[in-house]
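Notes follow the structure.
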Ligand SMILES: [Zn+2]
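Numbering (my numbering), first residue to last: 2 to 455.
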């Protein structure tokens with residue numbers, strides 16, 4: 002129950018209240034099976050690991066067994082783009098430590114009786130190699146390795162740590178782009194080492210010393226983030242297969258496929274779903290942006306790495322280590338009397354929910370509705386304050402008013418007197434013409450009222 006609360010906290014309550022908390026996601030198949038726990042983001046500057054974990058949340062379905070995911074364990078460090086020192090605090094942490102509560106909560110997840118194997122995702126320096134080849138490829142490096150603390154953990158179902166890691170390494174190396182990217186095994190022999198090595202204080206060793214099999218996956222920081230994410234996912238799938246966890250995903254597991262979905266998954270919804278934004282290619286600053294009055298922005302995102310942080314009298318979108326657009330809000334009361342607009346898009350009439358992102362090839366028209374005012378930001382017709390019922394072509398829109406940085410996506414805002422009803426984005430990007438509309442399901446006023454009563 003506690004775990005579910007953490008998730009709800011992050012997704013629904015204003016971001017700044019919860020940015021110190023991680024999210025916890027549980028996916029279960031219809032068929033029962035073992036439970037794999039994935040933890041990423043213990044080090045805040047290792048985005049390959051946490052984008053891989055977030056991708057499990059957004060893009061994978063589990064058919065058999067259970068996948069539990071903590072994609073953003075040290076979320077404040079992720080937002081600050083720093084490593085942090087959390088991974089040195091698992092043997093001992095002071096009650097006054099800012100990481101205390103997160104460590105306490107994640108320890109209770111790790112030691113849950115259902116957890117059969119823990120995979121801990123990191124991005125490591127250079128390339129680990131058991132012998133010294135060069136300054137970047139030697140025993141002191143970490144990248145492209147599976148790290149274990151000991152060969153096996155007897156008495157547990159998935160305690161053959163070396164064997165499991167070796168099987169995964171073979172699999173990863175079959176899918177590696179070049180031999181230079183091959184994974185190696187790194188055995189820390191943590192318990193039998195006399196020295197007070199950092200590994201003795203780590204999350205992985207905490208798990209092993211509490212009888213939970215644990216393996217760390219380290220992608221190389223020499224790779225771009227999407228390629229690190231690719232190697233993490235190839236390794237993760239191999240471990241799931243070894244455990245008998247059956248899954249499906251809705252994208253091709255190739256470097257290009259992973260690069261694409263990392264961009265596409267940066268979505269956020271505001272104003273009770275009446276606004277949806279694609280954060281990936283937004284302008285650096287968005288002005289006069291309508292938000293519900295007098296509250297901090299409440300948001301939802303399918304992606305656990307997306308959040309909003311206050312920045313003086315503006316807000317800033319964050320996506321993992323990426324600091325994105327600043328939003329300058331203009332506050333309105335919310336109007337819940339309608340859930341969308343009628344549009345004519347390239348000659349096709351359609352009812353469009355607020356929060357949708359609609360591909361347009363040549364032109365669009367928003368049908369006027371009595372009592373409502375349409376504002377197409379970037380379109381002006383002298384003498385008119387309502388942009389409804391005009392056929393609008395791309396070249397009639399002022400590029401500097403687009404919401405994206407290539408001048409191709411525009412805001413359509415709907416108001417009822419002084420209240421804001423919702424927003425639709427019109428998307429003139431050529432590549433989006435072949436894509437499906439991103440239709441939002443704006444909850445109706447009735448649904449919201451029911452939810453409040455429940
Ligand atoms: Zn790390």
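Glycine residues also receive a C-beta, built at the ideal position from the N, C-alpha and C atoms. Here the structure is a predicted model, which is why all the values come from computation and not from measurement.
Exercise. Since residue 241 is in the alpha helix (DSSP H), which residue starts that stretch and which ends it?
Worked result: Sequence index remark: in the chain shown, residue 241 carries index 240 (1-based). Run containing residue 241: 226-244, per the alpha helix (DSSP H) assignment.
Exercise. Under a three-way DSSP split, which group does residue 423 fall into?
Worked result: Within the chain shown, residue 423 is the residue found at index 422, counting from 1. Three-state result, residue 423: strand.
Problem set entry | Cβ neighbour criterion (16 or more within 10 Å) applied to residue 347 | Within the chain shown, the letter at position 346 stands for residue 347. That one is exposed.
Exercise. Would the beta-carbon of residue 289 fall within 8 Å of that of residue 50?
Worked result: Within the chain shown, numbered from 1, the residue matching residue 289 stands at position 288. Within the chain shown, numbered from 1, the residue matching residue 50 stands at position 49. Their beta carbons are not under 8 Å apart, which means residue 289 does not touch residue 50 by this criterion.
Exercise. With a Cβ-Cβ cutoff of 8 Å, do residue 23 and residue 103 count as a contact?
Worked result: As a first step, residue 23 is located in the chain shown; it is residue number 22 there, counting from the start. As a first step, residue 103 is located in the chain shown; it is residue number 102 there, counting from the start. Yes; because the gap between Cβ atoms is below 8 Å, this pair is in contact.
For this session: Confirm, please, whether the CB-CB distance from residue 74 to residue 43 is below 8 Å.
Result: Within the chain shown, the letter at position 42 stands for residue 43. Within the chain shown, the letter at position 73 stands for residue 74. Yes.
Exercise. Can you list, in chain order, every residue whose CB sits closer than 6 Å to a heavy atom of ligand 1?
Worked result: 44, 47, 123
For this session: To the nearest angstrom, report how far apart residue 187 and residue 427 are at their CA atoms.
Result: Indexing the chain shown from 1 puts residue 187 at position 186. Indexing the chain shown from 1 puts residue 427 at position 426. Roughly 51 Å separates the two Cα atoms.
For this session: For the stretch 21-68, list the alpha helix (DSSP H) runs that are entirely contained and at least 4 residues long, ordered along the chain.
Result: 48-60
Exercise. Would you call the stretch 258-278 and the stretch 202-217 in contact, with 3 or more CB pairs under 8 Å?
Worked result: no
Problem set entry | Unbroken alpha helix (DSSP H) run spanning residue 108, endpoints | Translated into the one-based positions of the chain shown, residue 108 becomes position 107. Taken as a continuous stretch (DSSP letters only), the alpha helix (DSSP H) holding residue 108 covers 101-111.
For this session: In the DSSP assignment, find the alpha helix (DSSP H) that holds residue 76 and state where it starts and stops.
Result: Reading the chain shown from its first residue, position 75 is the one you call residue 76. Residues 76-81.
For this session: Identify which residue in 67, 350, 47 has its Cα closest to the Cα of residue 31.
Result: Counting from 1 along the chain shown, the entry for residue 31 is found at position 30. Of the candidates 67, 350, 47, the one whose C-alpha sits nearest the C-alpha of residue 31 is 67.
For this session: Give the straight-line distance between the Cα atoms of residue 39 and residue 145, rounded to the nearest whole angstrom.
Result: Looking up residue 39 in the chain shown gives position 38. Looking up residue 145 in the chain shown gives position 144. If I take the Cα positions, the gap works out to 18 Å.
Problem set entry | Given residue 240 as reference, the closest of 106, 121, 383, 319 once Cα atoms are compared | Along the chain shown, one-based indexing puts residue 240 at 239. When each option's Cα is compared against that of residue 240, the closest is 121.
Exercise. Which residues does DSSP pair with residue 330 in a beta bridge?
Worked result: Here residue 330 refers to the residue found at position 329 of the chain shown. Partner(s): 290.
Exercise. Quick check: the stretch 257-271 against the stretch 125-140, are there 3 or more CB pairs under 8 Å?
Worked result: no
For this session: On a CA-only basis, which of 237, 334, 387, 308 is nearest residue 54? Give me that one, please.
Result: On the chain shown, residue 54 is found 53 positions in, with the first residue counted as 1. Checked all of 237, 334, 387, 308; the closest Cα to residue 54 is 237.
Problem set entry | Span of the alpha helix (DSSP H) around residue 258 | Locating residue 258 in the chain shown gives position 257, where the first residue counts as 1. From DSSP, the alpha helix (DSSP H) with residue 258 extends over 256-265.
Problem set entry | Within 8 Å, strictly: CB atoms of residue 1 and residue 36 | One cannot answer for residue 1 here, as it falls past the ends of the chain, which runs 2 to 455.
For this session: Please state if the CB of residue 355 and the CB of residue 423 are separated by a distance shorter than 8 Å.
Result: Position 422 of the chain shown, counted from the first residue, corresponds to residue 423. Position 354 of the chain shown, counted from the first residue, corresponds to residue 355. In this structure, residue 355 lies closer than 8 Å to residue 423 by Cβ.
For this session: Tell me, to the nearest whole angstrom, how far the beta carbon of residue 306 is from that of residue 320; I am working on the premise that it is less than 8 Å.
Result: Residue numbering aside, residue 306 sits at position 305 when the chain shown is read from its first letter. Residue numbering aside, residue 320 sits at position 319 when the chain shown is read from its first letter. With 8 Å as the limit, residue 306 and residue 320 qualify as a contact, their Cβ atoms being about 6 Å apart.
Exercise. Considering only C-alpha positions, which residue in the set 372, 374, 350 is nearest to residue 365?
Worked result: Residue 365 sits at position 364 when you count from the first residue of the chain shown. Among 372, 374, 350, the Cα nearest to that of residue 365 belongs to 350.
For this session: Closer than 6 Å by C-beta to residue 373: which residues in its own chain qualify, once you throw out the five before and the five after it? Chain order, please.
Result: As a working mapping, residue 373 is identified with position 372 in the chain shown. The answer, listed in chain order, is 415, 417.
Exercise. What are the boundary residues of the beta strand (DSSP E) that residue 344 is part of?
Worked result: Translated into the one-based positions of the chain shown, residue 344 becomes position 343. First-last of the beta strand (DSSP E) with residue 344: 341-346.
Exercise. CB-CB under 6 Å to residue 14, same chain, minus the five flanking residues each way: which ones, in chain order?
Worked result: Counting from one through the chain shown, the residue named residue 14 turns up at place 13. Summary for residue 14: the model assigns pLDDT 38, below 50, so the residue's position carries little reliability; its value from the coordinates is reported in the next sentence. Once the five neighbours on either side are set aside, residue 14 has no close Cβ partner at all.
Exercise. Taking the C-alpha atoms as reference points, what is the distance between residue 412 and residue 326?
Worked result: For the purposes of this step, residue 412 is taken as the residue at position 411 of the chain shown. For the purposes of this step, residue 326 is taken as the residue at position 325 of the chain shown. Whole-angstrom Cα-Cα distance: 15 Å.
Exercise. What span of residues does the alpha helix (DSSP H) with residue 174 cover, start to end?
Worked result: Stepping through the chain shown from its first residue, residue 174 is reached at position 173. From DSSP, the alpha helix (DSSP H) with residue 174 extends over 162-175.
Exercise. Does the Cβ-Cβ distance between residue 189 and residue 141 come in under 8 Å?
Worked result: Translated into the one-based positions of the chain shown, residue 189 becomes position 188. Translated into the one-based positions of the chain shown, residue 141 becomes position 140. No, the Cβ-Cβ distance between residue 189 and residue 141 is not below 8 Å.
Exercise. Which same chain residues, not among the five before or five after residue 130, have their C-beta less than 8 Å away from its C-beta?
Worked result: Position 129 of the chain shown, counted from the first residue, corresponds to residue 130. For residue 130, where only same-chain residues beyond five positions count, the Cβ hits under 8 Å are 138, 139, 140, 142, 185.
Exercise. With 16 as the cutoff for other CB atoms within 10 Å, does residue 113 come out buried or exposed?
Worked result: If you number the chain shown from 1, residue 113 lands on position 112. It counts as exposed.
Exercise. To which residues of the same chain is residue 352 closer than 7 Å at the C-beta, ignoring the five residues directly before and after it?
Worked result: Along the chain shown, read from residue 1 onward, the residue named residue 352 stands at position 351. Hits under 7 Å: 341, 343.
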